[in-house]
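Student:
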Amino acid sequence: MAAAEGCSNACQAVKLAAVAALGDADSVAKEVALELHYGARQAEGQVSLARDLARRLPSTFEAMKRGAVDPYRASKVADQTSVLTDEQAREVDARVAGKIATRDATSVRRLVNRTVARVDPEGHARRCEERRRSRNVQLCHEDEGMATLYAYLPAEIAATIYTRVDRVARRLRSNGEERTLDELRADVFSDLCLGVVRPVEPPRAEVFVYLDFLTWTGLRNEPAELAGHGPIPAQLARQIAANATIRRVITDPMTGTPINVGRHRYRPPTATKELVQVRDRECRVPGCHRPVQACDLDHVEPWAQGGGTDSTNLCGLCRRDHRLKDEPGWRHRMTETGVLEITTPAGRTYRSEPEPLTTAA
1 MAAAEGCSNA CQAVKLAAVA ALGDADSVAK EVALELHYGA RQAEGQVSLA
51 RDLARRLPST FEAMKRGAVD PYRASKVADQ TSVLTDEQAR EVDARVAGKI
101 ATRDATSVRR LVNRTVARVD PEGHARRCEE RRRSRNVQLC HEDEGMATLY
151 AYLPAEIAAT IYTRVDRVAR RLRSNGEERT LDELRADVFS DLCLGVVRPV
201 EPPRAEVFVY LDFLTWTGLR NEPAELAGHG PIPAQLARQI AANATIRRVI
251 TDPMTGTPIN VGRHRYRPPT ATKELVQVRD RECRVPGCHR PVQACDLDHV
301 EPWAQGGGTD STNLCGLCRR DHRLKDEPGW RHRMTETGVL EITTPAGRTY
351 RSEPEPLTTA A
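The opening residue of the sequence shown carries number 1 in the numbering used here; numbering runs sequentially from there.
Next up, the structure:
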């Protein structure tokens, strides 16, 4: 499979190189559409990607030519660097080179976003402020008596609202409610907006913002990261980290990791549970991005077989991947540094390493 995918990627790179060689004329997209039987929008997208790869993203283009990166992941690099100058885009491209081949498209987008924030911190802060000024709420009427309510909000506010709604809904669900979790979330959201009081004490919403110690103290201004969203400017991070509804995580400015703690019982104590959740952030199986708060904390080496209940033997797995782990032929092993090694029934081993919570400059 991997060999066939590599050949396909390399062939796609040859095609994009040919498109880039057609020049800058406005008619190039039309010529591509006619030659390849593309629609206008698809042809325009191919021309834009080809030009970006050839002129602004040489390292990503070389990875495509080697077969290591497919056009979709390459497009994520191009999309996220579109706000940069050519020089800045090439710097981002050089920094992420060698890191995108083993990541899925979502992880590539996040990696490039973080790198863009570091290469162009002032521009990133300006763009964030402009986006915050465009916040809005919209109502769209649908069929059969339904409607969609859109809210375009600052990420930390939206995350806090959703987390609170989700936690109340899950608590109601555990009390024997017959409504689905989606129905409960919708009803809880409606009740909170309308001021309806429910007989369930609303749990504290936990939203994490990660920033290194030097940034937290104002000694430097490295971009921080809002869990589930991505990079945010240092000044904004310090501002929202003081909010009572936001959990701040201060990390080592060199390693980007929090301090470990350990316990020796089956159920993880609160400190260990929070540490694993802070470290993992989402399901640890590559390609799965389910938030860790909705995952099981699983013993990599089973408790019954001597596995400890500490951060070196616990990881977040979504329910599907948790069940898959127990299927015949699947083996999981975790190193002391938190790297999860997954061996499949075919004998292939894949590594899942949590991203540093913050990255040193």
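Ideal placement from N, C-alpha and C gives every residue a C-beta, glycine not left out.
Who does Arg-331 pair with in a DSSP beta bridge?
Tutor: Thr-343
Student: For the beta strand (DSSP E) that Ile-232 lies in, which residues bound it at each end?
Tutor: 230 to 232
Student: How many Å lie between Arg-170 and Leu-181 at the Cα?
Tutor: 7 angstroms
Student: Is DSSP giving Asn-9 helix, strand or coil here?
Tutor: helix
Student: For Arg-265 and Ser-82, what's the separation of their Cα atoms in angstroms?
Tutor: Legend: pLDDT at Arg-265 = 43, less than 50; position of this residue unreliable, no value from coordinates given.
Student: Which same chain residues, not among the five before or five after Val-165, have their C-beta less than 8 angstroms away from its C-beta?
Tutor: Spatial neighbours of Val-165 in its own chain (CB-CB distance under 8 angstroms, excluding positions within 5 residues in sequence) are listed in chain order as Arg-185, Val-188, Phe-189 and Leu-192.
Student: Does the Cβ of Pro-410 have 16 or more other Cβ atoms within 10 Å, making it buried, or fewer, making it exposed?
Tutor: Shown here, the chain extends from 1 to 361; a query on residue 410 therefore has no answer.
Student: Taking the alpha-carbon of His-289 as reference, which of Val-339, Val-196, Ser-107 and Gly-338 has the nearest alpha-carbon?
Tutor: Comparing Cα positions, the closest option is Ser-107.
Student: Can you check whether the CB of Asn-9 is closer than 7 angstroms to the CB of Gly-67?
Tutor: Note that the C-beta distance between Gly-67 and Asn-9 is below 7 angstroms.
Student: Among the residues of its own chain, which have a CB less than 8 angstroms from the CB of Trp-330, if the five just before and after it don't count?
Tutor: Leu-324, Ile-342, Thr-343, Thr-344 and Pro-345
Student: Spatial neighbours of Arg-95 within its chain, please: C-beta separation below 7 angstroms, excluding the five flanking residues on both sides.
Tutor: Result list for Arg-95: Thr-115, in chain order.
Student: Name the DSSP bridge partner or partners of Pro-291?
Tutor: Glu-282
Student: Give the DSSP-derived three-state secondary structure of Asp-212 in the structure shown.
Tutor: It is a strand residue.
Student: Check whether the region 152 to 166 and the region 222 to 231 touch, using three or more Cβ-Cβ pairs below 8 angstroms as the test.
Tutor: Three or more beta-carbon pairs drawn from the region 152 to 166 and the region 222 to 231 are found closer than 8 angstroms, and the two stretches are therefore classed as touching.
Student: Relative to the C-alpha of Pro-291, which candidate in Asp-70, Phe-208 and Tyr-152 has its C-alpha closest?
Tutor: Comparing alpha carbon positions, the residue from Asp-70, Phe-208 and Tyr-152 closest to Pro-291 is Phe-208.
Student: Under three-state DSSP, which class holds Val-165?
Tutor: helix
Student: By DSSP, does Ser-134 sit in helix, in strand, or in coil?
Tutor: coil
Student: Look up Thr-349 in the DSSP assignment and give the residues it is bridged to.
Tutor: Thr-343
Student: If you follow the beta strand (DSSP E) that Leu-84 is in, where does it begin and where does it stop?
Tutor: Counting along the chain, Leu-84 falls outside any beta strand (DSSP E), and DSSP gives it neither H nor E.
Student: Within its chain, find whatever has a CB closer than 7 angstroms to the CB of Leu-139; leave out the 5 residues flanking it on each side and keep chain order.
Tutor: Ala-147 and Leu-149
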